[in-house]
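Count along the sequence shown from 1, add 160, and you get the number used in the numbering used here. Where a beta carbon is used, it is the ideal one built from N, C-alpha and C, also for glycine. Below: the structure, in structure tokens.
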Amino acid sequence: MFSISESFKFLDSDLINWKLVLGLLSTGKYVFDTYLKYRQYEVLQQKSIPASIKAEIDPNDFEKSTDYNIAKLKLSVFNNTYYLFQRLFTIRTNIFYSLWQTTGLLMSRAIPFLPQFMKGTITHSLFFYTTISLISEIIDLPFSYYREFVVEEKFGFNKQTIGLWLRDHIVGFALNTVIVNGVLSGLLKVFEIYGESFIVYATGFLFAVSLAFFSLSPFIGRLFHKYTPLQDENLKHQIENLASKLNFPKTNIFVIDGSSRSSHSNAYFVGLPWYKEIVIFDTLIEKQTTEGVVAVLGHELGHWKLNHIPKLMLIQLLDFTQIFGLFGVFINNKSLYSSFGFTESQPAIVGLVLYWIIKEPISSATRFVTNIFSRKFECQADEFAKNLGYQDDLSKSLLKLHISSSSVTSTVWLYSAYYNGHPLLSERLSGLGYISKEKISRETKSKPLKED
161 MFSISESFKF LDSDLINWKL VLGLLSTGKY VFDTYLKYRQ YEVLQQKSIP
211 ASIKAEIDPN DFEKSTDYNI AKLKLSVFNN TYYLFQRLFT IRTNIFYSLW
261 QTTGLLMSRA IPFLPQFMKG TITHSLFFYT TISLISEIID LPFSYYREFV
311 VEEKFGFNKQ TIGLWLRDHI VGFALNTVIV NGVLSGLLKV FEIYGESFIV
361 YATGFLFAVS LAFFSLSPFI GRLFHKYTPL QDENLKHQIE NLASKLNFPK
411 TNIFVIDGSS RSSHSNAYFV GLPWYKEIVI FDTLIEKQTT EGVVAVLGHE
461 LGHWKLNHIP KLMLIQLLDF TQIFGLFGVF INNKSLYSSF GFTESQPAIV
511 GLVLYWIIKE PISSATRFVT NIFSRKFECQ ADEFAKNLGY QDDLSKSLLK
561 LHISSSSVTS TVWLYSAYYN GHPLLSERLS GLGYISKEKI SRETKSKPLK
611 ED
């Protein structure tokens with residue numbers, strides 16, 4: 161019987177300095193990311209509006225957009241630099257082994273009070289991972305605070321209070337802990353039961369979980385936002401007509417309080433195959449005309465009509481397969497575990513954590529591929545909305561969305577290929593065949609444009 165770990169047995173060697181390997185992989189990814197951001201910084205510093213949309217964008221809005229994106233780039237590089245040193249410190253020391261021993265000691269003291277089913281290695285593994293997650297969450301808080309209350313605040317996007325920000329972090333961490341621990345316990349059980357044959361079963365399990373979460377996302381969203389039925393009867397009528405025209409499943413339409421956190425806007429649909437919800441940010445309704453909102457939803461429903469969701473799920477399934485396929489190379493690699501202090505035991509959860517460090521640079525390559533499909537699907541959804549008769553309305557909406565969100569308008573091609581799952585504004589307007597009628601500025605973004 162074919163065995164992945166046996167096929168790559170040459171990697172299980174004491175001659176391999178795994179700490180050096182992981183350190184070089186992490187540093188290499190950091191250098192690549194930083195290089196892309198530096199190239200993008202050079203483009204932004206030129207402060208040149210793309211010729212194809214120069215007639216559309218007010219110079220003051222473009223100046224704000226440039227300054228905003230430069231500020232985000234600088235913060236991102238600073239964050240990544242800090243996290244690199246943190247990662248290198250983690251690799252250099254045997255901190256994972258120390259955490260495993262410490263959590264094991266605490267577990268041993270708690271065992272008399274635990275039910276029988278919680279006294280095994282899986283519970284210890286979940287405690288270990290939760291401890292790592294809690295430490296990471298605490299470390300990330302200052303960066304999150306600076307991002308929201310300095311950068312976003314400076315450019316007028318942050319609308320949340322410190323109390324709401326803290327609540328979101330606490331609820332988010334608690335929810336993430338419950339979900340991730342549930343998923344991890346299932347995966348660890350699969351590893352335990354199926355041994356080296358785990359790949360197919362782990363892939364199937366994680367794919368089933370992702371389908372469940374996609375279906376449950378309407379309920380999860382309500383933990384963070386207030387959902388209110390759409391009150392604008394004219395807008396509601398037009399959306400219902402669009403949904404009926406496309407044979408979209410029975411639908412409720414909700415407006416969420418996006419303005420309580422940010423001035424950025426969005427619209428999307430979620431839910432089960434036979435019942436879905438259309439969700440619109442209140443900021444989108446405030447900034448767009450009725451026709452503009454319907455045009456945006458025409459694009460979103462295009463994703464559904466063109467079966468982009470199943471296609472993305474297939475891509476996700478392939479991604480899960482390669483993730484667990486590669487993990488099969490390392491799950492029983494004794495030299496990898498022993499390099500980090502685990503000479504007597506090889507906990508699968510530790511293998512997962514170490515494997516994720518190894519896999520991050522590999523994910524950079526797959527990211528290029530997934531972005532190709534994502535951008536293709538966005539262009540197809542734009543074309544779908546165009547064929548519905550929303551060419552001008554969608555074009556104007558995209559312009560307003562980019563202006564109000566200070567989205568980037570120029571990029572280095574490699575940066576765009578790596579970071580952008582959506583085409584640039586100029587590319588989307590070109591695909592829609594939009595012909596400019598007048599300049600759109602921040603001051604006119606919430607008003608209907610003049611007709612010729």
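With residue i and residue j assumed to form a contact (beta carbons below 8 Å), what rounded beta-carbon distance in angstroms separates them?
i, j, result
"Phe441", "Ile413", "13 Å between Cβ atoms; not a contact."
"Phe484", "Gly511", "At roughly 12 Å, the Cβ-Cβ gap does not stay under 8 Å, so Phe484 and Gly511 are not in contact."
"Leu248", "Gly183", "6 Å"
"Tyr190", "Leu244", "5 Å"
"Leu486", "Phe500", "That belief does not hold up - the Cβ atoms of Leu486 and Phe500 are roughly 18 Å apart, past 8 Å."
"Thr569", "Leu584", "7 Å"
"Leu390", "Gly458", "About 16 Å separates the two Cβ atoms, so there is no contact after all."
"Ser419", "Lys447", "In fact, because the Cβ distance is near 10 Å, the residues do not count as touching under 8 Å."
"Ser565", "Tyr594", "With 8 Å as the limit, Ser565 and Tyr594 do not qualify as a contact, their Cβ atoms being about 18 Å apart."
"Val350", "Ala362", "5 Å"
"Tyr578", "Leu196", "6 Å"
"Asp357", "Ile282", "Residue identity differs from the one stated: residue 357 is Ser in this sequence, not Asp. Their Cβ separation, rounded to whole angstroms, is 19 Å, which puts Ser357 and Ile282 out of contact at 8 Å."
"Gln506", "Asn492", "7 Å"
"Ser285", "Leu233", "With a Cβ gap of about 37 Å, Ser285 and Leu233 do not count as contacting."
"Gly581", "Asn531", "5 Å"
"Glu460", "Ala427", "6 Å"
"Ile295", "Ser586", "The Cβ separation is near 43 Å, so there is no contact."
"Phe256", "Ser422", "About 36 Å; that fails the 8 Å criterion."
Please report the distance separating the alpha-carbon of residue i from that of residue j.
i, j, result
"Lys207", "Thr226", "7 Å"
"Tyr575", "Asn239", "18 Å"
"Ile517", "Gly355", "22 Å"
"Ile330", "Lys546", "42 Å"
"Gln205", "Tyr198", "10 Å"
"Leu474", "Ser534", "13 Å"
"Phe373", "Thr388", "22 Å"
"Ile469", "His463", "7 Å"
"Ile339", "Ile380", "11 Å"
"Pro272", "Gly280", "13 Å"
"Arg588", "Val310", "31 Å"
"Pro409", "Val430", "11 Å"
"Phe537", "Met278", "45 Å"
"Asn220", "Leu235", "23 Å"
"Val237", "Thr194", "6 Å"
"Cys539", "Glu202", "27 Å"
"Ala211", "Glu223", "15 Å"
"Lys465", "Leu406", "7 Å"
"Ala270", "Thr291", "16 Å"
"Ile359", "Phe528", "24 Å"
"Ile563", "Glu216", "10 Å"
"Lys179", "Arg252", "7 Å"
"Ser606", "Ser404", "Low local confidence applies: a pLDDT of 42 at Ser606 is under 50, so the model's placement there is unreliable, with the coordinate-based value given in what follows. Distance between the alpha carbons of Ser606 and Ser404 is about 27 Å."
"Lys314", "Ser293", "30 Å"
"Asn254", "Ile353", "29 Å"
"Asn177", "Thr241", "24 Å"
Which of the three DSSP states is assigned to residue i in this structure?
i, result
"Lys214", "coil"
"Ser208", "coil"
"Asn467", "coil"
"Asn493", "coil"
"Asn336", "helix"
"Arg252", "helix"
"Val568", "coil"
"Tyr257", "helix"
"Asn407", "coil"
"Tyr501", "A small correction: the amino acid at residue 501 is Gly; Tyr does not occupy that position in the sequence shown. Coil, per DSSP."
"Lys279", "coil"
"Pro521", "helix"
"Gly593", "coil"
"Pro507", "coil"
"Arg382", "coil"
"Asp221", "helix"
"Leu274", "coil"
According to DSSP, residue i sits in a beta bridge with which residue or residues?
i, result
"Val415", "Thr388, Ile440"
"Asn653", "Missing from the structure shown is residue 653; the chain here goes from 161 to 612 and no further."
"Asn318", "Ser422"
"Ala427", "Ile440"
Tell me, please, whether the CB atom of residue i is closer than 8 Å to any CB atom in chain D?
i, result
"Ser498", "Note that chain D does not occur in the displayed structure, where there is just one protein chain."
Is it a yes or a no for the stretch 449–457 touching the stretch 391–405, going by three-plus beta-carbon pairs under 8 Å?
yes
Within 8 Å, do at least three Cβ pairs link the stretch 248–268 to the stretch 229–236?
Below 8 Å, too few C-beta pairs join the stretch 229–236 and the stretch 248–268 to call them touching: fewer than three.
Would you call the stretch 554–573 and the stretch 520–538 in contact, with 3 or more CB pairs under 8 Å?
no
When the Cβ atoms of the stretch 486–500 are set against those of the stretch 167–174, are three or more pairs found closer than 8 Å?
With the cut-off at 8 Å, the stretch 486–500 and the stretch 167–174 touch.
Are three or more beta carbon pairs between the stretch 536–546 and the stretch 317–329 nearer than 8 Å?
no
Would the stretch 435–449 count as touching the stretch 329–348 if we require 3 or more Cβ pairs under 8 Å?
no
Cβ contact check for the stretch 363–373 and the stretch 463–480: 3 or more pairs under 8 Å
yes
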